[in-house]
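Sequence positions in the sequence shown follow this note's numbering and run 3 to 132. Ideal Cβ placement from N, Cα and C applies to all residues, glycine included. Bear in mind that the values here come from a model prediction, so they are computed numbers and not experimental data. Some notes on the structure that comes next.
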Amino acid sequence: MDDSTLISSSKSGLEHMLSITEEFYALNNTSANHHKYVLISNSLPLTTTSNASPVEFNLSLSSLNSISSISVTPISITSSFRFLGVWFNIKVSQDFVKKQIANKCNSFAATLRPAKLTAKQVIYLYNTVA
């Protein structure tokens with residue numbers, strides 16, 4: 003199963019959605035690896051390390067859901083994450099994105115360096131391939 007993203011304005015809203023996802027998994031005979039879950043929040047006590055305390059989500063039990071709680075560790079404020087193809091971080095730092103762009107441009111330039119291309123060919127390759 004591919005990645006899923008749940009968005010909520012409250013912990014209780016997220017608990018409700020997590021309960022629904024567990025029921026969905028039961029109905030479809032699938033499962034999720036809860037250890038891979040990641041929490042991104044701007045309302046938790048923020049930490050600059052990856053040693054943040056896990057947040058416990060209490061789920062609603064039902065005939066389709068026997069999991070009573072899920073523990074999820076929040077990312078640090080300095081970690082960047084991708085959402086809908088755009089990179090973000092809680093600290094609103096652009097350093098990660100700047101480094102990522104620089105690495106991509108340097109890699110692209112290193113690949114093209116030995117080739118004998120015209121300026122129009124380089125522009126075409128950059129716009130369609132890179």
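Beta-carbon proximity list for residue i, same chain, < 7 Å, skipping 5 on both sides
i	result
Thr75	Leu41, Ala54, Pro56
Phe90	Ser82, Phe83
Glu24	Leu61, Asn67, Ile69
N-terminal and C-terminal residue of the beta strand (DSSP E) that residue i is part of
i	result
Val94	That residue, Val94, is in no beta strand (DSSP E); it is neither H nor E in DSSP.
Arg84	82-85
Ser73	71-76
Asn60	57-60
Alpha helix (DSSP H) segment containing residue i, residue limits
i	result
Asn129	121-130
Thr23	13-29
Neighbourhood of residue i by C-beta, 8 Å cutoff - its chain only, sequence neighbours within 5 removed
i	result
Val62	The sequence as given places Ser at residue 62; Val does not occur at that position. Glu17, His18, Ser21.
Ser71	Glu58, Phe59, Asn60, Leu61
Val88	none
Candidates the options, of which the one nearest residue i by Cα
i	options	result
Asn44	Trp89, Thr120, Leu119, Ser78	Ser78
Asp5	Ser11, Lys38, Ser14, Ser12	Lys38
Ser64	Phe110, Thr120, Tyr27, Leu8	Tyr27
Cut-off 6 Å between Cβ atoms - residues of its own chain near residue i, not counting five sequence neighbours on either side
i	result
Gln96	none
Ser73	Pro56, Glu58
Thr130	none
Thr113	none
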